[in-house]
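> Okay, handing you the structure first.
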Amino acid sequence: MRLAKVTKNGAVGLAVDTGAGVKALFGDAALYDLDALIASGGSALTDAGAKVSAEGEEVQVEDLTFLPPLVKAPKILCLGLNYKDHAAEGGFTVPEFPTIFGRFNSSLIGHGAPIIKPTCSDQLDYEAEMVAVVGKGGKNISEDDALSHIVAYSVFNDGSIRDYQLKTPQWTVGKNFDDTGAFGPWLVTADELPAGGAGLKIETRLNGQVVQSANTSDMVFDVVDTVALLSTCFTLEAGDVLVMGTPSGIGLARKPPLFMKDGDVCEVEIEKIGLLVNPIKAA
């Protein structure tokens with residue numbers, strides 16, 4: 099099932115891509131709040147999707163505004179250096195334990211919304227990433243059980259302000275500028291994808307030019323590893339968002355560097371999950 103939080107003419111709703119088109123229901127907060135549906139657990143998410151599929155109005159995608167699928171995640175946990183070639187292009191060794199940093203919900207935007215280039219920097223970089231959404235919390239989760247804790251997958255562009263990211267060894271500031279974390283448009287339930295979202299082509303295009311192209315199977319720590327390792331450290335909660343790292347090809351590593359600027363358009367596409375498109379706008 100493919101679900102999205104959307105607005106149309108100011109009304110918020112839940113949209114479902116049925117394969118034959120898109121249907122949506124508007125105005126029922128309990129229905130369109132994907133954060134709450136995932137937190138409820140069980141079949142709440144798929145029940146809501148089934149209701150939209152059965153009762154929703156047919157809509158045109160171009161008439162919808164897509165919001166970030168989730169905006170109240172208990173934790174947004176991002177993996178750095180999680181593709182070997184990306185670690186190498188940055189001059190880093192491949193980590194023996196996931197390199198983790200956090201993102202704030204306040205930094206998120208949806209499909210179609212502008213990624214904002216701040217006035218204080220010209221080093222706005224792109225990063226294509228797959229998202230895994232925790233649907234069932236837990237502590238000390240085994241590798242055998244890890245995927246049973248993941249409810250859905252999505253697409254993320256981890257827009258990074260490189261000079262601020264690299265001012266200190268701690269990346270938090272450069273990864274959390276307002277309106278830099280593009281997320282969506284669809285949440286795709288785990289049953290529709292290969293186990294762990296593995297084996298999927300992941301690609302970034304800047305103004306139509308391919309700048310990143312890899313496969314999700316190239317991750318150093320896959321979704322199973324990540325859930326098992328992180329849950330030994332702290333309790334994972336339903337609604338936690340795991341942003342699984344980017345492959346090589348980032349703008350910072352290019353010669354000369356390639357950063358996003360006002361008027362650019364960045365596309366991140368993951369096979370079977372979706373296409374996330376955002377224009378770049380100067381603050």
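The number in my numbering is simply the position in the sequence shown, starting from 1, with 98 added. Every residue, glycine too, gets a C-beta built ideally from N, C-alpha and C.
#1: Buried or exposed: V308, going by 16 or more other Cβ atoms within 10 Å of its Cβ?
#2: Kindly indicate which residue of V120, A118, D126, R100 has the alpha-carbon position closest to the one of G111.
#3: Would you tell me roughly how many angstroms separate the C-alpha atoms of L129 and L135, rounded to the nearest one?
#4: Could you tell me if Q221 is buried or exposed, where buried requires 16 or more neighbouring beta carbons within 10 angstroms of its beta carbon?
#5: Flag this pair as yes or no: are the beta carbons of S311 and A296 separated by less than 7 Å?
#6: Would you report the Cα separation of G282 and K359, rounded to the nearest angstrom?
#7: For K149, which of helix, strand or coil comes out of DSSP?
#8: Thinking A336 and A244 are a contact (beta carbons under 8 Å), I'd like their distance in whole angstroms, please.
#9: Return the chain-ordered ranges of every alpha helix (DSSP H) run that is complete within the stretch 292-344 and spans a minimum of 4 residues.
#10: Which residue's Cα is closest to the Cα of G236: D323, L334, P355?
#11: What does the alpha-carbon distance come out to for the pair S329 and V375?
#12: From what residue to what residue does the beta strand (DSSP E) around I214 run?
#13: Extract the residue ranges of the alpha helix (DSSP H) inside the stretch 137-208, only unbroken runs of 4 or more that lie entirely within it.
#14: Helix, strand or coil: how does DSSP classify R100 here?
#15: On a CA-only basis, which of I198, I239, L143 is nearest V341? Give me that one, please.
#16: Does DSSP put D115 in a helix, a strand or coil?
#17: What would DSSP say about L383, mapped onto helix, strand or coil?
#18: How should P345 be labelled, buried or exposed, when 16 other C-beta atoms within 10 angstroms of its C-beta is the threshold for buried?
#19: Could you check the C-alpha separation between M317 and D115 for me, to the nearest Å?
#20: From L168 to G189, what distance separates their C-alpha atoms?
#21: Could you tell me if the beta carbon of T314 falls within a distance shorter than 6 Å of some heavy atom in the ligand NAP?
#22: Can you name, in chain order, every residue of its own chain whose Cβ lies under 6 Å from the Cβ of L177, other than the five neighbours on each side?
#23: Can you give me the start and stop residues for the beta strand (DSSP E) that D256 sits inside?
#24: Along the chain, where does the beta strand (DSSP E) that runs through A381 open and close?
#25: To the nearest angstrom, report how far apart D161 and W284 are at their CA atoms.
#26: For L291 and V321, I'd like the C-alpha separation in whole angstroms.
#27: Take K106 as the anchor and find which of I214, D133, L165 has the nearest alpha-carbon.
#28: Check this for me: beta carbons of S205 and T270, under 7 Å apart or not?
Here's the rundown:
#1: Taking the sequence shown and counting its residues from 1, the one referred to as residue 308 is at position 210. Counting Cβ neighbours within 10 Å, V308 comes out exposed, since fewer than 16 surround it.
#2: Along the sequence shown, read from residue 1 onward, the residue named residue 111 stands at position 13. Closest option to G111, Cα to Cα, is D126.
#3: Indexing the sequence shown from 1 puts residue 129 at position 31. Indexing the sequence shown from 1 puts residue 135 at position 37. Going from the Cα of L129 to the Cα of L135 covers about 8 Å.
#4: The residue you call residue 221 lines up with position 123 of the sequence shown. Q221 should be labelled buried.
#5: What you label residue 311 is simply residue 213 of the sequence shown in a count that begins at 1. What you label residue 296 is simply residue 198 of the sequence shown in a count that begins at 1. No, these two residues do not count as a Cβ contact at 7 Å.
#6: Here residue 282 refers to the residue found at position 184 of the sequence shown. Here residue 359 refers to the residue found at position 261 of the sequence shown. If you take the alpha carbons of G282 and K359, they lie about 21 Å apart.
#7: What you label residue 149 is simply residue 51 of the sequence shown in a count that begins at 1. In the three-state DSSP reduction, K149 falls in the helix class (H, G or I).
#8: Position 238 of the sequence shown holds residue 336. Position 146 of the sequence shown holds residue 244. Going by Cβ atoms, the distance from A336 to A244 rounds to 15 Å, so no, they are not a contact pair.
#9: Counting only runs of 4+ residues, the alpha helix (DSSP H) found wholly inside the stretch 292-344 occupies 321-329, in chain order.
#10: The count along the sequence shown starts at 1 and reaches residue 236 at position 138. For G236, the nearest C-alpha among the options comes from L334.
#11: Within the sequence shown, the letter at position 231 stands for residue 329. Within the sequence shown, the letter at position 277 stands for residue 375. If you take the alpha carbons of S329 and V375, they lie about 32 Å apart.
#12: Looking up residue 214 in the sequence shown gives position 116. 213-215 is the extent of the beta strand (DSSP E) around I214.
#13: 142-153, 182-187
#14: On the sequence shown, position 2 is the one that residue 100 refers to. R100 sits in a strand when the DSSP states are folded into three classes.
#15: Numbered from its first residue, the sequence shown carries residue 341 at position 243. A check of alpha carbon separations from V341 across I198, I239, L143 identifies I198 as the nearest.
#16: On the sequence shown, position 17 is the one that residue 115 refers to. Note: D115 maps to strand in three-state DSSP.
#17: This structure gives no information on residue 383, because the portion of the chain shown stretches from 99 to 381.
#18: For the purposes of this step, residue 345 is taken as residue 247 along the sequence shown, with counting starting at 1. So P345 counts as buried.
#19: In the sequence shown, the residue the question calls residue 317 occupies position 219. In the sequence shown, the residue the question calls residue 115 occupies position 17. Cα to Cα, M317 sits roughly 28 Å from D115.
#20: To locate residue 168, count along the sequence shown from 1; it is residue 70. To locate residue 189, count along the sequence shown from 1; it is residue 91. Distance between the alpha carbons of L168 and G189: 33 Å.
#21: Within the structure as shown, the ligand NAP is missing, as the structure has no ligands at all.
#22: In the sequence shown, the residue the question calls residue 177 occupies position 79. Answer for L177: P196, M342, G343, listed in chain order.
#23: Within the sequence shown, residue 256 is the residue found at index 158, counting from 1. Taken as a continuous stretch (DSSP letters only), the beta strand (DSSP E) holding D256 covers 248-256.
#24: Numbered from its first residue, the sequence shown carries residue 381 at position 283. First-last for A381: undefined, no H or E at that position.
#25: Here residue 161 refers to the residue found at position 63 when the sequence shown is read from its first residue. Here residue 284 refers to the residue found at position 186 when the sequence shown is read from its first residue. Spanning the two alpha carbons is a distance of roughly 16 Å.
#26: Reading the sequence shown from its first residue, position 193 is the one you call residue 291. Reading the sequence shown from its first residue, position 223 is the one you call residue 321. The straight-line gap from Cα to Cα measures roughly 13 Å.
#27: As a first step, residue 106 is located in the sequence shown; it is residue number 8 there, counting from the start. Per the Cα distances, L165.
#28: What you label residue 205 is simply residue 107 of the sequence shown in a count that begins at 1. What you label residue 270 is simply residue 172 of the sequence shown in a count that begins at 1. Not in contact: S205 and T270 (Cβ atoms no closer than 7 Å).
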